[in-house]
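Student: Positions 1 to 340 (UniProt numbering) are the ones given, in order, by the sequence shown.
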Amino acid sequence: PKPQPRIEELSKKEIIIPKSLPKTGELQKEEASQIELQSNIDKTLKEELILPKNKPIFSDLLKLQAKQKKLLLPKKKPEDKAIDQPKILEKEKESIEEKVVAKIDDKKLIFPKKKPLIYKEPVTKKVTKSKHFSKQDLKLAKKVFSEIEKKRWTSAKNLSKRFKNRTIYKFVKWLYLLEPNNQAGFYQYINFINLHPNFPRLGRLRYLAEHKITTETVKEKRIIQWFEEKEPLSGYGKLMLGQSYLIEGNLEKGVSLIKDGWITASLSKRDLKYLKKKLKKYLNTEDHIKRADWLAWENKYWDLKRMLRYLPKDYQALYNARLLLMSKSYGVDNAISKVP
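1. Would you tell me roughly how many angstroms separate the C-alpha atoms of K273 and L279, rounded to the nearest one?
2. For the alpha helix (DSSP H) containing F229, name the first residue and the last one.
3. Do you know how far the Cα of R204 is from the Cα of W153?
4. Alpha carbon to alpha carbon, how far is T214 from E248? Give it in angstroms, no decimals.
5. Taking C-beta to C-beta, are P162 and L138 nearer than 9 Å?
6. Which whole runs of the beta strand (DSSP E) in the segment 203 to 277 are 3 residues long or more, in chain order?
7. So, does the segment 279 to 290 touch the segment 239 to 258, judging by three or more C-beta pairs under 8 Å?
8. Look at T264 and S244 and say whether their C-beta atoms are less than 9 Å apart.
9. Inspect the beta-carbon positions of V255 and G237 and report whether they are closer than 9 Å.
10. Considering only C-alpha positions, which residue in the set A156, N165, L318 is nearest to residue 343?
11. Here's a check: name, in chain order, each residue in its chain whose Cβ is nearer than 7 Å to the Cβ of I289, leaving out the five neighbours to either side.
12. Under 8 Å Cβ to Cβ from A184, same chain only, skipping five residues before and after it: list those, please.
13. If you follow the alpha helix (DSSP H) that R162 is in, where does it begin and where does it stop?
14. If we ignore side chains and look at the alpha-carbon of each, how far apart do T217 and N165 end up?
15. Would you identify the three-state DSSP class for K125, choosing helix, strand or coil?
16. Does DSSP put Y187 in a helix, in a strand, or in coil?
17. Which residue marks the beginning of the alpha helix (DSSP H) containing N334, and which one marks its end?
18. Let's see if you can read the secondary structure: which residues bound the alpha helix (DSSP H) around R306?
19. Taking the straight line between their C-alpha atoms, what separation do you get for D271 and P122?
20. So, helix, strand or coil for S33, using DSSP?
21. Could you give the first and the last residue of the continuous alpha helix (DSSP H) run that contains S329?
22. Using a Cβ-Cβ cutoff of less than 6 Å, which residues in the same chain neighbour Q188 once the five nearest sequence positions on both sides are dropped?
23. Thinking C-alpha only, which one of P180, I110, L64 is nearest L208?
24. Under 7 Å Cβ to Cβ from G331, same chain only, skipping five residues before and after it: list those, please.
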């Protein structure tokens with residue numbers, strides 16, 4: 001450790017000693033000098049700094065000076081108009097309304113009607129009496145048509161059998177046969193058409209009856225007899241008639257009907273596979289191309305898609321592009337570029 005310095009050595013060095021108190025005269029002089037400095041600083045600050053002006057008091061003299069110098073003075077704060085404005089007399093109101101009406105009459109303006117406060121759905125009056133049916137038949141008719149709306153055909157047909165008047169039963173049966181996905185057979189259609197030749201839409205019933213024909217359930221002679229009266233209305237009917245001619249031994253007529261019916265026949269996925277396999281001896285690629293072309297022009301998207309597998313590769317590319325164009329799908333340009 002270093003040795004401590006002696007007291008004699010410390011006395012030789014400079015030591016800071018507190019000053020003595022100044023005299024009273026000198027203090028007064030210093031205070032006066034400080035006040036002068038402060039006043040000078042205030043003056044310089046006032047000259048340099050921008051201080052806000054005092055809020056003006058608008059007296060008459062100031063207003064006159066402002067008008068002479070063309071100065072803009074702030075306006076008074078507006079009070080409530082309802083308090084300030086005087087009430088218009090009823091006579092003045094009537095005169096104003098008359099003027100407005102006269103202007104509207106001259107211009108012939110069409111104004112929208114007022115919106116109703118409450119909207120009520122139109123209520124249909126329930127029928128309580130009928131000229132043609134009794135009270136019991138009228139009640140039954142309401143039940144029958146409620147069942148028809150719910151697609152409960154079995155209960156509707158059973159209820160319609162209770163009617164004294166048989167026309168309602170016939171009408172319900174006619175409505176049932178017009179349904180495309182009903183459970184009626186080919187012979188039910190034939191019996192109804194033969195018994196009621198004056199009913200409307202018999203052409204539609206004949207068209208639906210053709211789609212109920214199968215060579216397994218209906219004999220070929222009965223099919224030929226049915227179509228002797230009128231030619232087939234659908235492609236499916238032509239296919240069934242052609243098959244029946246093939247069974248009877250008339251190959252030329254049978255093959256021509258099958259080729260013609262194959263183009264326009266509306267077939268489900270199951271029917272397409274079954275008939276394609278069954279009639280492969282009589283159908284070739286040209287027949288498949290003709291069917292695909294007809295389906296494309298008729299915008300039968302799903303039927304055409306099912307036919308693609310039976311077409312050659314070049315035609316698959318062509319009709320695939322047409323499918324994409326038909327559905328406005330993505331990748332049309334790429335599909336068109338693949339068409340040879």
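Just so you know, even glycine gets a beta-carbon here, dropped at the ideal spot from N, CA and C.
Since we're looking at a predicted model, the values are computed, not measured.
Tutor: Walking through what the data contain:
1. The sequence position of residue 273 within the sequence shown is 273, counting from 1. The sequence position of residue 279 within the sequence shown is 279, counting from 1. Answer to the nearest angstrom: the Cα atoms are 10 Å apart.
2. Within the sequence shown, numbered from 1, the residue matching residue 229 stands at position 229. Note that residue 229 is Glu in the sequence shown here, rather than Phe. Segment 220 to 229, the alpha helix (DSSP H) holding E229.
3. Stepping through the sequence shown from its first residue, residue 153 is reached at position 153. Stepping through the sequence shown from its first residue, residue 204 is reached at position 204. Using only the alpha carbons, I get a separation of about 19 Å.
4. Sequence index remark: in the sequence shown, residue 248 carries index 248 (1-based). Sequence index remark: in the sequence shown, residue 214 carries index 214 (1-based). Cα to Cα, E248 sits roughly 15 Å from T214.
5. Residue 162 sits at position 162 when you count from the first residue of the sequence shown. Residue 138 sits at position 138 when you count from the first residue of the sequence shown. At residue 162 the sequence reads Arg, which differs from the Pro that was named. No. Outside cutoff.
6. none
7. yes
8. Locating residue 264 in the sequence shown gives position 264, where the first residue counts as 1. Locating residue 244 in the sequence shown gives position 244, where the first residue counts as 1. In this structure, S244 does not lie closer than 9 Å to T264 by Cβ.
9. Reading the sequence shown from its first residue, position 255 is the one you call residue 255. Reading the sequence shown from its first residue, position 237 is the one you call residue 237. No, they are not a contact pair.
10. Because residue 343 is not part of the residues shown, which for the chain are 1 to 340, the question remains open.
11. On the sequence shown, position 289 is the one that residue 289 refers to. So the list reads L311, Y315, once near-sequence residues are dropped.
12. Working through the sequence shown from its first residue, we reach residue 184 at position 184. Cβ neighbours of A184 beyond the five flanking positions: Y176, L177, K212.
13. To locate residue 162, count along the sequence shown from 1; it is residue 162. Premise fails: R162 is in no alpha helix (DSSP H) and is neither H nor E.
14. In the sequence shown, the residue the question calls residue 217 occupies position 217. In the sequence shown, the residue the question calls residue 165 occupies position 165. T217 and N165: Cα-Cα distance of roughly 34 Å.
15. Sequence index remark: in the sequence shown, residue 125 carries index 125 (1-based). Correct three-state label for K125: coil.
16. Taking the sequence shown and counting its residues from 1, the one referred to as residue 187 is at position 187. The answer is helix: DSSP assigns Y187 an H, G or I state.
17. One-based indexing of the sequence shown puts residue 334 at position 334. From DSSP, the alpha helix (DSSP H) with N334 extends over 332 to 337.
18. The residue given as residue 306 occupies position 306 in the sequence shown. Residues 301 to 307.
19. Your numbering for residue 271 matches position 271 in the sequence shown. Your numbering for residue 122 matches position 122 in the sequence shown. Roughly 48 Å separates the two Cα atoms.
20. The residue given as residue 33 occupies position 33 in the sequence shown. Reduced to three states, the DSSP call for S33 is helix.
21. Residue 329 sits at position 329 when you count from the first residue of the sequence shown. That residue, S329, is in no alpha helix (DSSP H); it is neither H nor E in DSSP.
22. Here residue 188 corresponds to residue number 188 of the sequence shown, with the count starting at 1. Same-chain partners within the cutoff: there are none.
23. Here residue 208 is taken as the residue at index 208 of the sequence shown, counted from 1. That would be P180, whose Cα lies nearest to the Cα of L208.
24. Position 331 of the sequence shown, counted from the first residue, corresponds to residue 331. L324, listed in sequence order.
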